[in-house]
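In mature numbering (1 follows the signal peptide of the UniProt record, and there is no 0), the protein residues as written are -23 to -1, 1 to 195.
The structure appears right after this line, and notes come after that.
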Amino acid sequence: MKFPTIILALIPAMMLFSGCAMNEKAEPAKSAKSAKSAKSAKSAKSAKSAKSAKSAKSVRVIVLDKLQDRNGVYYEVNQTSPFTGLCQSFYSNGQKQSEVNYNSGKKLGVQTDWHKNGQKKQELNWKDGGHHGLRTGWYDNGQKHWLANYKDGKKHGVQTWWRENGKKKSDLNWKDGVRHGAVTEWYENGQKRSEVNYIEGKVHGMKTRWDQNGVKVD
């Protein structure tokens, strides 16, 4: 009668041992799977990096005097296919003057120009060969000079000009390339100088003027 009792007592221990053995076998398999996943992720990342590096390396970069304008489409000198790549120009002191991308002979994306002292001069966007979006200009001291918005190559919305001291000079409203809405000008002291309204490119109503003291003159 003691043998069955001993056997029953050993069963839990045997089950525990068996479970441990199975866990030990499962761990290497799990580790191998994790290592394989990590290796695959690393390979994918390396392939992506290599592809990005190859793409960056394949971008053609030339200077502006190597481009020719042929009826609004730009070609590299002595080439028959429209230019695709990055075009740059430089001042005589080596400072970069401008930078813009071309696609099939047309400017595309952001164009940036700089003053000779390295300060940004203007930044604008191109789409289908025309201005599209914000166009911003700066003085060589870094002060904003003007700001305009374009839509499909035409001014659209408010255009603002500033003086070199940061004082606003004028506000103009545009609609599809023609003046539409109020045009306001200010003196250097900040006093309003004149105001007139346009409708579809034509003056609508009277123009109002003020002197530098704010007194209406007509």
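Every residue gets a Cβ at the ideal spot worked out from N, C-alpha and C, and that includes glycine.
**Prompt:** What separation, rounded to the nearest whole angstrom, lies between the Cα atoms of residue 158 and residue 122?
**Reply:** 22 Å
**Message:** Rounded to whole angstroms, what is the Cα-Cα separation between residue 42 and residue 64?
**Reply:** 9 Å
**Request:** Could you check the C-alpha separation between residue 73 and residue 132 for me, to the nearest Å?
**Result:** 28 Å
**Asked** Exposed or buried, what is residue 136 when buried is set at 16 or more other beta-carbons lying within 10 Å of its beta-carbon?
**Response** buried
**Asked** Which residues share a DSSP beta bridge with residue 47?
**Response** 50
**Prompt:** Which same chain residues, not among the five before or five after residue 194, have their C-beta less than 8 Å away from its C-beta?
**Reply:** 186, 187, 188
**Item:** Residues bridged to residue 162 [DSSP beta-bridge criterion]
**Value:** 147, 171
**Item:** residue 147 versus residue 162 - alpha carbon distance
**Value:** 4 Å
**Message:** Can you give me the C-alpha to C-alpha distance between residue 180 and residue 155, rounded to a whole angstrom?
**Reply:** 11 Å
**Message:** Residues in the same chain with beta-carbon distance under 6 Å from residue 169, minus the five sequence neighbours each way, listed in chain order, please.
**Reply:** 163, 187
**Request:** Go through the region 100 to 130 residue by residue and report every complete run of the alpha helix (DSSP H) that reaches 4 residues or more, in order.
**Result:** none
**Asked** Which residues bound the beta strand (DSSP E) around residue 80?
**Response** 73 to 80
**Burial state of residue 111 (16 or more Cβ within 10 Å)** = exposed
**Prompt:** CB-CB under 7 Å to residue 145, same chain, minus the five flanking residues each way: which ones, in chain order?
**Reply:** 137, 139, 163
**Asked** What do you reckon, are the CB atoms on residue 45 and residue 36 nearer than 8 Å?
**Response** no
**Prompt:** Cβ of residue 141 within 8 Å of Cβ of residue 120?
**Reply:** yes
**Item:** residue 50 vs residue 82 beta-carbon contact at 8 Å
**Value:** yes
**Expected contact under 8 Å - CB spacing of residue 75 and residue 66 to nearest Å** = 5 Å
**Request:** Taking only the alpha-carbon atoms, compute the straight-line gap between residue 127 and residue 172 and give it to the nearest angstrom.
**Result:** 23 Å
**Message:** Nearest by alpha-carbon distance to residue 165: which of 190, 182, 150, 174 is it?
**Reply:** 190
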